[in-house]
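Student: So for the sequence shown, the working numbering puts the first residue at 168; every next one is plus one.
Cβ coordinates follow ideal geometry from the N, Cα and C atoms, glycine included.
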Amino acid sequence: MRVNLSTDIMYLGGVGPKKAELLRKELNIHTIGDLLRYYPYKYVDRSKIYKISEIVDDLPYIQLIGKLIRIDQTGVGPKKRLTAIFSDETGMVELVWFKGIKWVEKNIKLNSNYLVFGKATLFNGRFNIAHPEIEEYKPENDKTKSSFEAAYNTTEKLKNSYLNSKYIHRLQQTLAFQTQFDIEETLPAHLIDRYKLMTLPEALKQIHFPDNSTLLQKSQNRLKFEELFYVQLGLLKQRSLRLSKQNGHVFKVVGDMFNRFYREKLPFELTDAQKRVIKEIRRDMGNGKQMNRLLQGDVGSGKTLVSLMCMLIAMDNGYQSSIIAPTEILANQHYLTITKLLGDLPVKVGLLTGSTKKSERKVLHNDLLSGTTNILIGTHALLEDIVQFKNLGFVTIDEQQRFGVAQRAKLWDKNDNPPHVLVMTATPIPRTLAMTLYGDLDVSVIDQLPPGRKPIKTIHFTDAKRNLVFGLMREQIKQGRQIYVVYPLIKESEKMENLKDLQDGYESITRAFPQPEYVTVVVHGQMKPDDKEFSMNLFAKGKAHIMVATTVIEVGVNVPNATVMVIESAERFGLSQLHQLRGRVGRGADESHCVLMSSVKLTHESRKRLETMVATNDGFQIAEVDLQLRGPGDLEGTQQSGLPFELKIASLSKDSQLLQYVRQVAMEILDEDPQLVLSQNAILNLQLEKAEKQKVNFSQIS
Ligand code: ADP
Ligand code: MG
168 MRVNLSTDIM YLGGVGPKKA ELLRKELNIH TIGDLLRYYP YKYVDRSKIY KISEIVDDLP
228 YIQLIGKLIR IDQTGVGPKK RLTAIFSDET GMVELVWFKG IKWVEKNIKL NSNYLVFGKA
288 TLFNGRFNIA HPEIEEYKPE NDKTKSSFEA AYNTTEKLKN SYLNSKYIHR LQQTLAFQTQ
348 FDIEETLPAH LIDRYKLMTL PEALKQIHFP DNSTLLQKSQ NRLKFEELFY VQLGLLKQRS
408 LRLSKQNGHV FKVVGDMFNR FYREKLPFEL TDAQKRVIKE IRRDMGNGKQ MNRLLQGDVG
468 SGKTLVSLMC MLIAMDNGYQ SSIIAPTEIL ANQHYLTITK LLGDLPVKVG LLTGSTKKSE
528 RKVLHNDLLS GTTNILIGTH ALLEDIVQFK NLGFVTIDEQ QRFGVAQRAK LWDKNDNPPH
588 VLVMTATPIP RTLAMTLYGD LDVSVIDQLP PGRKPIKTIH FTDAKRNLVF GLMREQIKQG
648 RQIYVVYPLI KESEKMENLK DLQDGYESIT RAFPQPEYVT VVVHGQMKPD DKEFSMNLFA
708 KGKAHIMVAT TVIEVGVNVP NATVMVIESA ERFGLSQLHQ LRGRVGRGAD ESHCVLMSSV
768 KLTHESRKRL ETMVATNDGF QIAEVDLQLR GPGDLEGTQQ SGLPFELKIA SLSKDSQLLQ
828 YVRQVAMEIL DEDPQLVLSQ NAILNLQLEK AEKQKVNFSQ IS
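1) Just mark Q457 as buried or exposed, buried being the case when its beta carbon has 16 or more other beta carbons within 10 Å.
2) Leaving out five residues on either side along the sequence, give the residues of the same chain with a beta carbon under 8 Å from the beta carbon of L277.
3) Please say whether R406 and K815 have beta carbons closer to each other than 9 Å?
4) R337 to H197, Cα distance in whole Å?
5) Quick check on L179: does DSSP put it in helix, strand or coil?
6) Under the assumption that L400 contacts A601 (Cβ atoms under 8 Å), give the Cβ distance between them as a whole number of angstroms.
7) With respect to 8 Å, is the separation between the Cβ of F425 and the closest non-hydrogen atom of ligand 1 below this value?
8) Short check: CB of Y486 to CB of G415, under 9 Å?
9) For the structure I just gave you, are there three or more beta carbon pairs, one from the stretch 442-450 and one from the stretch 610-621, closer than 8 Å?
10) Who are the Cβ neighbours of Q807 in its own chain at under 7 Å, not counting the five residues just before and after it?
11) Measuring straight from C-alpha to C-alpha, what distance separates D465 and E566?
12) Do you know offhand how far D671's Cα is from S736's?
13) Sorry if obvious, but does the Cβ on M591 come closer than 8 Å to a heavy atom of ligand 1?
14) Does Y208 pass the burial test, meaning 16 or more other C-beta atoms within 10 Å, or should it be called exposed?
15) Using 10 angstroms around the beta-carbon of H375, count the other beta-carbons present and answer buried if the total reaches 16, otherwise exposed.
16) Could you check the C-alpha separation between S173 and K185 for me, to the nearest Å?
17) Have a look at Y217, E684 and P355 and flag the residue whose alpha-carbon is nearest the alpha-carbon of V832.
18) Between V781 and P727, what straight-line distance do the alpha-carbon atoms span, to the nearest angstrom?
19) Go ahead and pull the three-state DSSP assignment for M458.
20) Who does Y234 pair with in a DSSP beta bridge?
21) Taking all protein chains shown into account, do 16 or more other C-beta atoms lie within 10 angstroms of the C-beta of A251, making it buried, or fewer, making it exposed?
22) Would you mind giving the Cβ-Cβ distance between I491 and V562, rounded to the nearest angstrom? I have them listed as a contact below 8 Å.
23) Unbroken beta strand (DSSP E) runs of length 3 or more, entirely within the stretch 679-721: which are they?
24) To the nearest angstrom, report how far apart I335 and R213 are at their CA atoms.
25) So Y651 is in the beta strand (DSSP E); what residue range does that whole segment cover?
26) Would you list the one or two residues that DSSP bridges to Q854?
27) May I ask whether a heavy atom of ligand 1 can be found less than 8 Å away from the beta carbon of G118?
28) Given this structure, state the Cα-to-Cα distance separating N784 from I553, to the nearest angstrom.
29) Determine the direct distance from the alpha carbon of L472 to that of F418, and round the result to whole angstroms.
30) How about V731 and Q824: do their beta carbons lie closer than 9 Å?
31) Round the Cβ separation of G517 and I544 to the nearest angstrom and send it over; I've been treating them as touching at under 8 Å.
32) Quick one: what does DSSP say H298 is sitting in, helix, strand or coil?
33) Please determine whether the Cβ atom of G786 lies at a distance below 8 Å from any heavy atom of ligand 1.
34) In whole angstroms, what is the alpha-carbon distance linking Q847 and I836?
35) Could you name each continuous beta strand (DSSP E) segment of 3 residues or more that falls completely within the stretch 483-551, going from the start of the chain to the end?
36) Would a C-beta distance cut-off of 9 Å place L669 and V715 closer than the cut-off?
Right, dumping it as structure tokens:
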């Protein structure tokens with residue numbers, strides 16, 4: 168039959184309805200086009216056979232030929248494993264299987280020749296290969312293999328039905344060599360010429376069946392270029408549309424309120440970074456365009472203050488402002504901080520959260536409509552339609568991750584003209600990620616901490632060293648300081664178990680720090696709000712020495728007298744979370760400590776995370792490592808935070824240069840042709856529309 172890119176995958180030779188269903192469900196491959204765009208995740212050099220004696224640490228995947236001289240099964244239940252000693256004339260390595268043991272056992276036998284393929288790692292001074300590919304080796308069958316063989320990701324379910332990497336490889340072969348169809352170019356000719364890119368049909372051939380490493384690289388480059396280019400073009404087009412269409416409120420003056428605050432209330436000098444950022448924001452808010460700006464700054468760099476000063480400028484120009492925080496605790500905290508900083512200045516600040524009483528709400532709503540309230544601080548609650556402002560001019564969204572574009576858009580409905588929007592994030596984001604996630608926003612960075620902060624000393628202890636930790640805690644309490652002890656709460660489904668960890672931890676701490684000499688409070692997400700607040704307040708007021716908590720304290724708690732952060736099971740936290748938690752201490756003038764407690768056994772990744780925490784306090788550096796660790800194609804964390812598309816081949820951690828390059832290319836095109844109306848750019852619009860349809864639904868990101 169005549170096939171094209173949108174032909175159902177079911178009709179490809181070797182597929183059929185059953186397998187098609189699996190491919191659809193497991194890999195999201197619906198059509199022939201989807202299969203073509205299902206790229207290999209690695210290539211294997213099948214031209215070289217290694218000798219066992221040649222194995223050194225850090226080799227990529229290798230091939231060996233030899234015999235199995237011993238097969239053992241050990242352990243029971245989840246600890247069950249199958250090990251085999253594999254040997255050639257130069258030495259021995261161990262092969263290990265943790266899963267699929269039955270199948271392997273049935274299919275391998277002693278003393279026949281095998282071709283083994285896998286990654287050798289050093290373990291207890293010996294090399295072993297976990298879950299190798301293994302097939303019987305028959306010299307007569309040894310077809311000369313292309314030197315690069317593509318390998319494809321599959322899932323457990325697929326493997327169980329024998330739909331493994333080899334199967335996908337065969338499907339690609341069928342597609343490439345037995346099926347005739349046209350592949351239409353997706354980039355305009357002028358780009359292909361100008362940047363010497365491989366054409367799409369050639370690139371799709373080389374990506375699956377590379378002739379050599381140069382052509383493989385060229386094809387990868389072409390496909391990554393395309394992918395990143397369209398992401399950037401889409402974002403930048405949105406931005407230019409916004410700038411051309413959306414009128415912004417013009418904040419002409421810096422007036423009385425700002426100046427009085429600056430002269431009479433500001434308890435310290437602004438840092439140079441804060442000054443620079445306030446200038447950037449002022450410029451944006453004065454030029455008649457609507458501002459959409461991302462403010463990045465490490466925990467404690469003084470973002471809230473920047474936001475407050477911008478709100479005072481809004482007020483000086485007759486506008487209202489608002490801060491939206493992701494949690495009630497944080498909203499309360501902002502309210503306290505801001506009202507305290509403002510002191511007796513005539514600024515009316517309101518607080519609106521889920522627990523604001525009905526009667527208070529009514530008053531609030533009225534004051535907002537009449538314009539009496541100048542600043543409204545709150546949670547998502549203030550996005551509700553019933554909350555209407557007289558003239559909202561400036562909005563700060565704190566901790567952006569949890570806010571989708573759709574929610575931002577909701578703010579715009581509150582007025583004829585949308586307010587200026589400042590998105591603040593305390594989780595520093597690597598440049599490439601920022602360009603991709605917030606490519607439609609302008610970016611400001613506070614890259615400097617207020618003076619006099621002492622870096623937080625971070626130590627990693629295994630559970631056996633608990634007494635040392637208790638010693639440190641005792642000594643700090645003696646000096647009048649306070650301490651956090653945090654337990655992980657990873658998944659909803661683990662709630663009860665985590666709570667038990669927390670209860671046990673609390674008990675062991677109260678044994679080591681008995682009442683009445685010491686006061687310890689507990690805070691966790693499942694407590695009644697009143698109880699939670701009571702405990703938090705005890706701690707905030709310095710009446711409790713220790714707070715045992717889950718990550719509810721991750722954002723926003725500000726107790727400068729707390730100098731020790733103990734993080735239990737630290738290996739279970741992600742890097743950015745660890746960094747956030749650590750940011751809860753080191754807020755006063757005293758030296759602070761962060762203690763990472765973990766078990767002795769650590770995965771490579773969790774070890775790297777803990778080492779990074781010990782090595783640096785720099786949030787941007789930590790964010791880079793985080794991105795490297797999670798690696799290409801595994802950006803789950805960012806997907807949750809709203810990466811609105813899937814990257815199939817480009818990697819935000821590895822392709823940062825290309826990303827900056829294509830962003831430049833996209834900018835140049837839009838400078839010349841902002842609406843993409845030139846005929847040479849017709850194809851760009853078409854592709855953007857297609858991409859738009861495939862986008863993750865923004866409103867589902869929370
Ligand atoms: P962020 O929101 O960036 O985490 P905050 O705005 O909460 O940081 O500021 C952290 C602490 O530092 C607050 O106690 C704040 O009052 C203080 N602070 C902010 N700017 C300065 C500055 N320029 N000099 C000294 N302290 C500052
Ligand atoms: Mg903050």
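Tutor: Looking at the coordinates:
1) In the sequence shown, counting from the first residue as 1, residue 457 sits at position 290. Buried, since its Cβ has 16 or more Cβ neighbours within 10 Å.
2) The residue you call residue 277 lines up with position 110 of the sequence shown. These residues qualify, in order along the chain: K234, L235, I236, R237 and I238.
3) Stepping through the sequence shown from its first residue, residue 815 is reached at position 648. Stepping through the sequence shown from its first residue, residue 406 is reached at position 239. Against a cut-off of 9 Å, the Cβ pair of R406 and K815 comes out as no contact.
4) The residue labelled residue 337 in the question sits at position 170 within the sequence shown. The residue labelled residue 197 in the question sits at position 30 within the sequence shown. Straight-line Cα distance between these residues: approximately 17 Å.
5) Your numbering for residue 179 matches position 12 in the sequence shown. Looking at L179 - three-state DSSP - the assignment turns out to be coil, as it is neither helix nor strand.
6) Mapped onto the sequence shown, residue 400 falls at position 233. Mapped onto the sequence shown, residue 601 falls at position 434. Contact flag wrong, Cβ pair sits at about 17 Å.
7) Position 258 of the sequence shown, counted from the first residue, corresponds to residue 425. No, since every heavy atom of ligand 1 falls outside the 8 Å radius drawn around the Cβ of F425.
8) Start at 1 with the first residue of the sequence shown, and residue 486 comes out as number 319. Start at 1 with the first residue of the sequence shown, and residue 415 comes out as number 248. Against a cut-off of 9 Å, the Cβ pair of G415 and Y486 comes out as no contact.
9) yes
10) Working through the sequence shown from its first residue, we reach residue 807 at position 640. Confidence at Q807 is low in this model, with a pLDDT of 38, below 50, so the placement of that residue should be treated as unreliable; the coordinate-derived value is given next. Taken in chain order, the list of residues that qualify is empty.
11) Here residue 465 refers to the residue found at position 298 of the sequence shown. Here residue 566 refers to the residue found at position 399 of the sequence shown. Near 12 Å, if we compare the C-alpha coordinates of E566 and D465.
12) Against the sequence shown, residue 671 aligns to sequence position 504. Against the sequence shown, residue 736 aligns to sequence position 569. Taking the straight line joining both Cα atoms gives about 13 Å.
13) Against the sequence shown, residue 591 aligns to sequence position 424. Under cutoff, so the answer is yes.
14) Looking up residue 208 in the sequence shown gives position 41. Y208 is exposed by the Cβ-count criterion.
15) Your numbering for residue 375 matches position 208 in the sequence shown. When all chains shown are included, H375 counts as buried.
16) Your numbering for residue 173 matches position 6 in the sequence shown. Your numbering for residue 185 matches position 18 in the sequence shown. About 19 Å.
17) Position 665 of the sequence shown, counting from 1, holds the residue named residue 832. Closest option to V832, Cα to Cα, is P355.
18) Taking the first residue of the sequence shown as 1, we reach residue 781 at position 614. Taking the first residue of the sequence shown as 1, we reach residue 727 at position 560. Their Cα atoms are separated by approximately 22 Å.
19) To locate residue 458, count along the sequence shown from 1; it is residue 291. Three-state DSSP puts M458 in coil, outside helix and strand.
20) Sequence index remark: in the sequence shown, residue 234 carries index 67 (1-based). Inspection of the sequence shows that residue 234 is occupied by Lys rather than by Tyr. Bridge partners of K234: S254 and N280.
21) Start at 1 with the first residue of the sequence shown, and residue 251 comes out as number 84. Looking at its Cβ environment, which holds 16 or more other Cβ atoms inside 10 Å, A251 is buried.
22) Reading the sequence shown from its first residue, position 324 is the one you call residue 491. Reading the sequence shown from its first residue, position 395 is the one you call residue 562. About 7 Å separates the two Cβ atoms, so the contact holds.
23) 687-690 and 713-716
24) As a first step, residue 335 is located in the sequence shown; it is residue number 168 there, counting from the start. As a first step, residue 213 is located in the sequence shown; it is residue number 46 there, counting from the start. Using only the alpha carbons, I get a separation of about 17 Å.
25) Within the sequence shown, numbered from 1, the residue matching residue 651 stands at position 484. Per DSSP, Y651 belongs to the beta strand (DSSP E) from Q649 to V653.
26) Here the question's residue 854 lines up with position 687 in the sequence shown. DSSP lists no partner for Q854.
27) Within the shown structure, residues of the chain are numbered from 168 to 869, placing residue 118 beyond reach of any answer.
28) Position 617 of the sequence shown holds residue 784. Position 386 of the sequence shown holds residue 553. Roughly 43 Å separates the two Cα atoms.
29) Stepping through the sequence shown from its first residue, residue 418 is reached at position 251. Stepping through the sequence shown from its first residue, residue 472 is reached at position 305. Cα-Cα distance, rounded: 19 Å.
30) By 1-based counting over the sequence shown, the position of residue 731 is 564. By 1-based counting over the sequence shown, the position of residue 824 is 657. No, they are not a contact pair.
31) Taking the first residue of the sequence shown as position 1, residue 517 is located at position 350. Taking the first residue of the sequence shown as position 1, residue 544 is located at position 377. Right, the Cβ-Cβ distance comes to about 7 Å (below 8 Å), so this counts as a contact.
32) As a first step, residue 298 must be located in the sequence shown, where it is residue number 131. Coil.
33) Counting from one through the sequence shown, the residue named residue 786 turns up at place 619. No.
34) Indexing the sequence shown from 1 puts residue 847 at position 680. Indexing the sequence shown from 1 puts residue 836 at position 669. Distance between the alpha carbons of Q847 and I836: 11 Å.
35) 487-491, 516-519 and 542-545
36) The residue labelled residue 669 in the question sits at position 502 within the sequence shown. The residue labelled residue 715 in the question sits at position 548 within the sequence shown. Yes, Cβ-Cβ distance for L669 and V715 is below 9 Å.
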